[in-house]
Amino acid sequence: MNKSEILKEFSSDPDRYYKVKLFEEQGFARKSCSKCGRFFWAIDPNRSTCPDDSDDTYSFIDNPPTSKRFDYTQAWQQVEDFFVKNNHTSVSRYPVVCRWRDDLYFTIASIVDFQRVMGSKVVFEFPSNPLVVPQTCLRFKDLENVGVTGRHFSSFCMIGQHSIPNEDGYWKDECVDLDFRLLTQQFGIPKEEVVFVEDVWAGGGSFGSSLEYFVRGLELGNAVFTEFQGELGKHTVLDQKIIDMGAGLERFAWITMGTPTAYDCCFGPITNHLFEKIGIDSDSKMLSNYFTAIAKNLETVDDLNEVRRRAVKAANLTEQQLAKIITPLEGMYLIADHLRTLIFAISDGALPSNVGGGYNLRVMLRRIIGTMDRMELKLDIDELVDMHIDYLKDTYPELDSKREDVKTILKIEGKRYEESKSRMGKIADKLIEKKREPTVDELITLYESDGVTPDYLRELNIISEIPSSFYAKLSDLHQSDKKASVAQLPLEGLPETDMLFYKDDPMEFEAKVLKVFDNNVVLDRTSFYARGGGQEPDYGTIDGHKVIDVNKHADVVVHTLEGGAPKQDQTVKCVVDATRRSNITKNHTSTHILNSSARGVLGSWVWQHSAFKEADHARLDITHHSSLSEQEVQSIEKAANDIVEKNMQVSIQNYDRGTAEQKYGFRIYQGGVVPVKSVRIVSIEDFDVEACGGTHVQKTKDVDLIKITRTKRIQDGVVRLEFVSGPTAQDYVKKLQAQKEKQQADASAKAERDKIRDQKKEKNREKMPELLEQITALSGMTTIDDIEIDAEGPGRLCFTASDQYDEYFHINFGKKLIKEDPTSVYCGIFESGPTVRVIVYAGEQAPKGKNAGTIAREISSILGGSGGGDAKFAQGGGKDTSKKDEAIAKAKSMVLGIVKFYG
Ligand SMILES: [Zn+2]
Ligand SMILES: [Zn+2]
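Okay, so the sequence shown: first residue is 4 according to this note's numbering, each after it adds one.
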């Protein structure tokens, strides 16, 4: 929709769209800016330009228009007091991780709190009317501006003032009146300073007029009156008109404090703490001049690096002042801002990672560490986290209990970054060789595939500046990959299927066939659970045909059959495979039990990432920073089985979505977004409460037993738990037991065999003198007790690889043999532990070429090892037992064989 066309249309009838009672009462006149033509409303008769084009732009720096001074938390108290005494309900902020919308990772505006997506429509659900909310919003598009411009934040508090015009709420007149009184009465801003600019808002198929309000060129808020839907000209009035007034709390503080930047009055004691660390005086006039120039240039110049250069010139800064004061200041503000955002995000369950919304969090932590490194700042992050939370907890008490979790995650993630630095160093070296600055796309690839941040490259002087489009492009890439596509089926005009699995859930039932297409059947009612929420479908039969798949399309259940299908309008008998269903159901309840058990054992950042429940196996993927240790797995399994043992009640209740959210919080969205107005809450007493459409047992003991079979870190920030429950878990335990028993039996059988052999070896030692006598008396070729003897030619050649002889035997027997008969050669091969060994003796008068050292080395090398010794006595061996036969054959030929040839 073209915004400028709508603005033209609305501004052509200002009485209808913009004029409110207040303007008349207070004597506001409507004017057109002498520079840009925009229409605005002001009391001051001398004002001829809009706030963007006025000379007083940002003149509040160093000279605030109020006598009262409020920092960030005090400013919220003022806002809250004002709206509460004017009949608004003050609502606590919603999580910054937007669990209730699947097209957003993070909450980006206060109105998002109350938007719920139903199909292609956005509906509004307000917990009360009218209301005000201090909504923390995360926006990553302007990351390179943060710390530099004096007014950009990666997260900020949007004061949300929302109203539906009905018996409780109000419309334009009262809204603008309230906002004007908030500024003038509550904050003490003179009436003449307030300027309203005509604008429009359009998005999500609806649009309306809006009035932005400014003081000294600073936009404090924007009151949007969402009123119409459709295309301009053909538009209609919405059933539910809505006031969406969003104002920046940081700016309210700034306008009363008049500090050089908004950062100076919004981070509590952190700013002074950091000022002291780097030794800068925050009150300097020079800073006011510089940041005023930054603010003014930002309105007219797009490129931030150019804005910075112009401000340096305007404020007459030397290179040295820039390097010694401005650059460290920017770093300091960045650290304070990014850390505050990480505290909110991690407290609300987000983890830094390289996927989805976790990306931006990782970028921010790396920028913090990179900045600290660059500035050679030694900061205690834990201390800064405490300072932030201590300051914020009056407005956001929920942060208090999460501080240790935040510190844990920051520590792990910081360590990971340090570990990745050497790899990044190598990549940086390669870039230096190229002698060319990487393009924005190359920078994005470097970041995405190697985790190399542009800040790091700037530190190393590989790039001179971070391209102003980098962070916007990066955040675009990871904004909306949350969607899935839907298949088109001929289901037009079919009524909603009566889902019996949510009612009395019969395993046998009759139903009428409403439609048959391909091998798919739609019934008027069904007890076959349709695949959903990670729960696999039921199997069974419809009219004797096998059901092989069941899916839900909107409210229509489609059964896929195998081997034929019934006819339309027929009444059919249906049977659900009850055993399969029972096993899947046990696995589903177990998933809930394991999820909460894992959170209890590991930390508050654990959320269900996804889950899969089949009849004989299941898996639960949870958000967690590292692989699980054996100890952690055991603790989770034990905690889960304790819940099973306690036999807790599993209850299912339907709630209005808003009521459920208020009652249980957003923890209920473990399985993702629920696109219906009434949510089905499955609770295991107060241990686990989730919005879930699956089938469940009635009491936890019905699950019988939960066994985790395997865990694996499947992606950055996600760990998979594979598990079984019920009869499958019992089978698994039996199988494990049987395996263990078999291993034990195998081990004892081997021990028995070893014992017998050892006894034999023992005996053979005793046999040694007798054997020696026999062998030395021999002539010709023969084998005695597994020892092959060739005494036909020159020398007495003996070889054995029998396992009845050990090292002791070979050493002693060989030695004695060559002493008795110096023409003898003796070689024994045997296994000893994991190696195959060889021992060789050659007597003083052994045949030519029979060298103990040569034989031992050759055999050892076949076995992958080495041998040593001299011509008379040598030994060796190797670990490659697969070469044992080859080694034996070779040894045999070296000891027994060749002699004949020479003989
Ligand atoms: Zn203008
Ligand atoms: Zn569930």
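All residues carry an ideal CB built from backbone N, CA and C; glycine is no exception.
The structure presented is a predicted model; accordingly, all values stated were derived computationally and were not measured.
> Which residues in the same chain have their Cβ closer than 7 Å to the Cβ of serine 213, if we skip the five residues on either side of it in sequence?
Replying inline: Sequence index remark: in the sequence shown, residue 213 carries index 210 (1-based). Cβ within range, chain order: Asp202, Val203, Trp204, Asn225, Ala226, Val227, Phe228.
> Does the separation of the CB atoms of glutamate 497 and threonine 529 fall below 8 Å?
Replying inline: One-based indexing of the sequence shown puts residue 497 at position 494. One-based indexing of the sequence shown puts residue 529 at position 526. Note that residue 497 is leucine in the sequence shown here, rather than glutamate. No, they are not a contact pair.
> Which of helix, strand or coil does DSSP assign to alanine 487?
Replying inline: As a position in the sequence shown, residue 487 is number 484, starting the count at 1. For alanine 487, the predicted model reports a pLDDT of 44, less than 50, meaning its position is unreliable; a value from the coordinates is still stated below. It is coil, neither helix nor strand.
>> Assuming contact is defined by CB atoms lying nearer than 8 Å, are leucine 402 and serine 350 in contact in what I supplied?
In response: Sequence index remark: in the sequence shown, residue 402 carries index 399 (1-based). Sequence index remark: in the sequence shown, residue 350 carries index 347 (1-based). In this structure, serine 350 lies closer than 8 Å to leucine 402 by Cβ.
> Who are serine 212's beta bridge partners in DSSP?
Replying inline: Here residue 212 refers to the residue found at position 209 when the sequence shown is read from its first residue. In the DSSP output, where bridge partners are listed per residue, serine 212 has Val203, Phe228.
> So is methionine 784 buried or exposed if we call it buried at 16+ other beta carbons inside 10 Å?
Replying inline: To locate residue 784, count along the sequence shown from 1; it is residue 781. Exposed, by the Cβ-count rule.
> Which residues bound the alpha helix (DSSP H) around histidine 813?
Replying inline: Counting from one through the sequence shown, the residue named residue 813 turns up at place 810. Run containing histidine 813: 810 to 823, per the alpha helix (DSSP H) assignment.
>> Quick test of the definition: if touching needs 3 or more C-beta pairs under 8 Å, does the segment 100 to 114 touch the segment 301 to 318?
In response: no
> Looking at the structure shown, is alanine 45 part of a helix, part of a strand, or coil, going by DSSP?
Replying inline: What you label residue 45 is simply residue 42 of the sequence shown in a count that begins at 1. Of the three classes helix, strand and coil, the one that applies to alanine 45 here is strand, per DSSP.
> If you pair each beta-carbon of the segment 616 to 629 with each one of the segment 638 to 648, do three or more pairs fall below 8 Å?
Replying inline: no
> Beta-carbon separation of aspartate 624 and arginine 723 under 8 Å?
Replying inline: Counting from one through the sequence shown, the residue named residue 624 turns up at place 621. Counting from one through the sequence shown, the residue named residue 723 turns up at place 720. In contact: aspartate 624 and arginine 723 (Cβ atoms closer than 8 Å).
> Mind checking whether phenylalanine 43 and cysteine 53 have CB atoms under 8 Å apart?
Replying inline: The sequence position of residue 43 within the sequence shown is 40, counting from 1. The sequence position of residue 53 within the sequence shown is 50, counting from 1. Yes; because the gap between Cβ atoms is below 8 Å, this pair is in contact.
>> Strictly closer than 6 Å from CB to any heavy atom of ligand 1: give me those residues in the order they appear in the chain.
In response: Cys36, Lys38, Cys39, Arg41, Thr52, Cys53, Asp55, Asp56
> Would the C-beta of histidine 91 count as close to ligand 2, meaning under 7 Å from any of its heavy atoms?
Replying inline: Walking along the sequence shown from the start, residue 91 turns up at place 88. For ligand 2, not one heavy atom lies less than 7 Å from the Cβ of histidine 91.
> In whole angstroms, what is the alpha-carbon distance linking valine 604 and proline 540?
Replying inline: The residue given as residue 604 occupies position 601 in the sequence shown. The residue given as residue 540 occupies position 537 in the sequence shown. Approximately 31 Å, taken between the alpha carbons.
>> Give me, in chain order, the residues of the same chain whose beta-carbon lies closer than 7 Å to that of isoleucine 732; leave out the 5 immediate sequence neighbours on both sides.
In response: The residue given as residue 732 occupies position 729 in the sequence shown. Note on identity: in this sequence residue 732 is alanine, with isoleucine being the wrong assignment. Asp707, Leu708, Ile709, Lys710, listed in sequence order.
>> Does alanine 890 come out as helix, strand or coil in the three-state DSSP assignment?
In response: Counting from 1 along the sequence shown, the entry for residue 890 is found at position 887. Here alanine 890 sits in helix by DSSP.
>> With a threshold of 8 Å between beta carbons, is isoleucine 655 in contact with chain B?
In response: No chain B appears in this structure, which consists of one protein chain only.
>> At a threshold of 7 Å, does glutamate 1 count as lining ligand 2 (C-beta to nearest heavy atom)?
In response: The structure shown does not extend to residue 1, since the chain spans only 4 to 906, so no value can be given for it.
> So what does DSSP say about isoleucine 684, is it helix, strand or coil?
Replying inline: For this step, residue 684 is matched to residue 681 along the sequence shown. Of the three classes helix, strand and coil, the one that applies to isoleucine 684 here is strand, per DSSP.
> Based on the DSSP output, what are the partners of methionine 784 in its beta bridges?
Replying inline: Along the sequence shown, one-based indexing puts residue 784 at 781. Looking at the DSSP assignment, methionine 784 forms a beta bridge with Asp793.
> Out of curiosity, what's the CA-to-CA distance linking alanine 663 and valine 685?
Replying inline: Start at 1 with the first residue of the sequence shown, and residue 663 comes out as number 660. Start at 1 with the first residue of the sequence shown, and residue 685 comes out as number 682. Looking at the two C-alpha atoms, the distance is approximately 11 Å.
>> Please classify aspartate 267 as buried or exposed, where buried requires at least 16 neighbouring CB atoms within 10 angstroms.
In response: Taking the first residue of the sequence shown as 1, we reach residue 267 at position 264. Buried: at least 16 other Cβ atoms inside 10 Å.
> How many whole angstroms separate the CB atoms of glycine 729 and lysine 589, which I take to be in contact at a CB cut-off of 8 Å?
Replying inline: Numbered from its first residue, the sequence shown carries residue 729 at position 726. Numbered from its first residue, the sequence shown carries residue 589 at position 586. With 8 Å as the limit, glycine 729 and lysine 589 qualify as a contact, their Cβ atoms being about 4 Å apart.
> Using a Cβ-Cβ cut-off of 8 Å (strictly less than) and excluding sequence neighbours within five positions of glutamate 889, which residues of its own chain qualify?
Replying inline: Indexing the sequence shown from 1 puts residue 889 at position 886. The answer, listed in chain order, is Ile865.
> At what residue ranges does the segment 265 to 331 contain a whole run of the alpha helix (DSSP H), taking only runs of 4 or more?
Replying inline: 272 to 281, 288 to 303, 307 to 317
> Can you tell me whether aspartate 397 is buried or exposed, with buried defined as 16 or more other CB within 10 angstroms of its CB?
Replying inline: Counting from 1 along the sequence shown, the entry for residue 397 is found at position 394. Burial call: exposed.
> So, helix, strand or coil for leucine 724, using DSSP?
Replying inline: Within the sequence shown, residue 724 is the residue found at index 721, counting from 1. Residue state, collapsed to three classes: strand.
> With which residues is serine 613 paired in a DSSP beta bridge?
Replying inline: In the sequence shown, counting from the first residue as 1, residue 613 sits at position 610. According to DSSP, which records beta bridges pairwise, serine 613 is partnered with Asp624.
>> Let me check understanding here. Comparing Cα to Cα, which of Leu631, Ile759, Ser638, Arg760 lies closest to arginine 716?
In response: The sequence position of residue 716 within the sequence shown is 713, counting from 1. The shortest C-alpha separation from arginine 716 is found at Leu631.
> Is it true that the CB of histidine 627 sits closer than 8 Å to the CB of glutamate 693?
Replying inline: As a position in the sequence shown, residue 693 is number 690, starting the count at 1. As a position in the sequence shown, residue 627 is number 624, starting the count at 1. In this structure, histidine 627 does not lie closer than 8 Å to glutamate 693 by Cβ.
>> Distance check for phenylalanine 109 and valine 252, CA to CA, integer angstroms please.
In response: Here residue 252 is taken as the residue at index 249 of the sequence shown, counted from 1. Here residue 109 is taken as the residue at index 106 of the sequence shown, counted from 1. The residue you asked about is not valine; residue 252 is leucine in the sequence shown. Whole-angstrom Cα-Cα distance: 19 Å.
>> How far does the beta strand (DSSP E) with glutamine 656 in it extend, from its first residue to its last?
In response: Residue numbering aside, residue 656 sits at position 653 when the sequence shown is read from its first letter. It spans 653 to 659 - the beta strand (DSSP E) in which glutamine 656 sits, taken as one unbroken run.
> What is the DSSP secondary structure of serine 600, reduced to helix, strand or coil?
Replying inline: Along the sequence shown, read from residue 1 onward, the residue named residue 600 stands at position 597. DSSP places serine 600 in helix when its eight states are reduced to three.
> At which residues does the beta strand (DSSP E) containing proline 909 begin and terminate?
Replying inline: For residue 909 there is no data in the structure shown, the boundaries of the chain being 4 and 906.
> Would the C-beta of valine 685 count as close to ligand 2, meaning under 7 Å from any of its heavy atoms?
Replying inline: One-based indexing of the sequence shown puts residue 685 at position 682. Yes, the beta carbon of valine 685 sits closer than 7 Å to at least one heavy atom of ligand 2.
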